[in-house]
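This report concerns only the one structure given below.
Residue numbers (this note's numbering): 45 to 114.
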C-alpha cells in the first residue's frame, strides 16, 4: 500500500485481504482505505488484476465470482 499525492495505491496482497479476508487488516488500514475510497482516491495497479487472475487459475485463491466481474 502506498500513498501517492494524497491517493492510496493498494498492492495485490492488501487488495485481496480487503475483499476476501478483511479481518486480516488492522482498523487503521481499513480506515485509510475507506477514506481514500470515499474521496475517489483509491487506486490499484493493473498488474494486480493479472496477479489475481493467475492466483485464481492456479487455485491459490478462490474468487467466488467470475474474474471479469471482480
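Quick reminder that beta carbons are idealized off the backbone N, C-alpha and C, glycines included.
- Short of 6 Å from the beta carbon of residue 99, and not among the five residues preceding or following it, lie these beta carbons of its own chain, in chain order: 105.
- C-alpha of residue 90 to C-alpha of residue 52: approximately 14 Å in a straight line.
- Within the model, the alpha-carbon separation for residue 94 versus residue 103 is close to 14 Å.
- Under the three-state reduction of DSSP, residue 107 is assigned to coil, being neither helix nor strand.
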